[in-house]
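Numbering (this note's numbering), first residue to last: 11 to 294.
Put into structure tokens, the structure is as follows:
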């Protein structure tokens with residue numbers, strides 16, 4: 011007489027198909043919510059005159075005035091002033107665009123927009139992703155306008171398909187990093203006026219110490235030391251190197267600006283993005 015086989019004690023096989031479907035559903039939901047919120051942010055921006063002028067009119071005026079006024083009084087050895095200035099203005103637009111993202115995020119908090127979104131079945135990550143993507147789109151338009159005006163005023167970048175692709179990637183990385191920084195400030199301060207004060211009190215001096223308008227080599231000791239390690243200086247030098255083939259001298263970050271700005275941006279993103287997601291909640 012044969013003995014019956016003992017019942018199998020092997021654990022049940024995981025339902026991988028259902029898990030895969032659930033992951034796809036969550037990913038699709040996240041993308042759909044993010045796209046809807048990006049569209050909402052862009053529609054809101056289109057109804058605010060100050061944001062429209064900040065993206066379209068202000069870049070035209072700033073670029074035109076700086077080129078026409080400064081090019082007649084500032085002479086850079088070995089290059090035309092337009093070719094020196096425009097990469098700096100493009101890099102500066104990235105940094106100021108990050109502060110604009112902070113102002114807009116703080117305004118959403120102060121107006122109760124985030125509270126209303128929090129009452130809906132929307133993931134927090136989709137909300138902050140939409141904030142970042144919408145502002146990157148806005149600032150990309152602004153940078154394109156700066157570049158077009160610069161080309162009309164005599165800027166001549168030395169770009170190939172490879173260096174052009176490198177420049178676009180560099181600008182997008184900078185936009186993503188500084189937008190994350192601005193959004194973190196907006197989620198922390200939550201007051202648009204205070205964000206503007208921080209922008210003018212911190213970013214303006216760093217921008218003028220960034221070699222945007224004049225070389226940092228002529229600065230005195232303390233400003234020169236700050237400028238050599240200033241992230242904006244490194245971003246300006248990186249854009250100049252890729253767009254014009256111009257190499258900077260001085261500190262290691264300025265002599266290797268592309269590698270340095272990638273490292274700077276990686277640190278900014280690694281620090282600011284998780285903190286912004288954590289802070290992106292309704293209430294005070």
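Each residue gets a CB set at the ideal place from its N, CA and C atoms; glycine is no exception.
For clarity, every value in this text was computed on a predicted model and none was experimentally measured.
Selected residue, minimal CA-CA separation from residue i, among the options
i	options	result
residue 152	63, 118, 89 and 197	63
residue 54	82, 145 and 125	145
residue 137	257, 42 and 238	42
residue 77	223, 283 and 255	223
residue 117	255, 141 and 135	141
residue 233	225, 57, 219 and 242	219
residue 185	162, 163, 148 and 60	148
residue 274	200, 180 and 228	180
residue 188	205, 104 and 210	104
residue 158	45, 67 and 29	67
residue 139	201, 49 and 243	49
residue 286	243, 200 and 162	200
residue 210	276, 45 and 109	109
residue 143	163, 30, 256 and 44	44
residue 242	214, 150 and 35	214
CB contact flag (residue i, residue j, <9 Å)
i	j	result
residue 289	residue 198	yes
residue 190	residue 216	no
residue 208	residue 245	no
residue 249	residue 100	yes
residue 81	residue 95	yes
residue 196	residue 112	yes
residue 132	residue 52	no
residue 155	residue 70	yes
residue 57	residue 114	no
residue 89	residue 254	yes
residue 268	residue 176	yes
residue 127	residue 40	no
residue 263	residue 280	no
Burial state of residue i (16 or more Cβ within 10 Å)
i	result
residue 168	exposed
residue 33	exposed
residue 237	buried
residue 98	buried
residue 278	buried
residue 26	exposed
residue 183	buried
residue 231	exposed
residue 227	exposed
residue 122	exposed
residue 129	exposed
residue 119	buried
residue 30	exposed
Contact set for residue i: own chain, Cβ-Cβ below 7 Å, skip 5 residues either direction
i	result
residue 259	265
residue 165	92, 93 and 96
residue 229	237
residue 261	238 and 239
Neighbourhood of residue i by C-beta, 6 Å cutoff - its chain only, sequence neighbours within 5 removed
i	result
residue 173	252
residue 102	217 and 222
residue 282	190, 191 and 194
residue 86	94
Close beta carbons around residue i, own chain, < 8 Å, minus the five adjacent residues each side
i	result
residue 84	91, 223 and 224
Any C-beta of chain B under 9 Å from that of residue i
i	result
residue 197	Absent from the structure: chain B. Only one protein chain is present.
Exercise. Quick one: which unbroken alpha helix (DSSP H) runs of 4-plus residues sit fully inside the region 68-126? Chain order, please.
Key: 91-120
Quiz item: For the region 138-192, which segments carrying the beta strand (DSSP E) assignment without a break, of at least 3 residues, lie completely within its bounds, in sequence order?
Solution: none
Quiz prompt | In chain order, each alpha helix (DSSP H) run of at least 4 residues that lies wholly inside the region 221-290 | solution = 231-239, 241-254, 262-265 and 267-289
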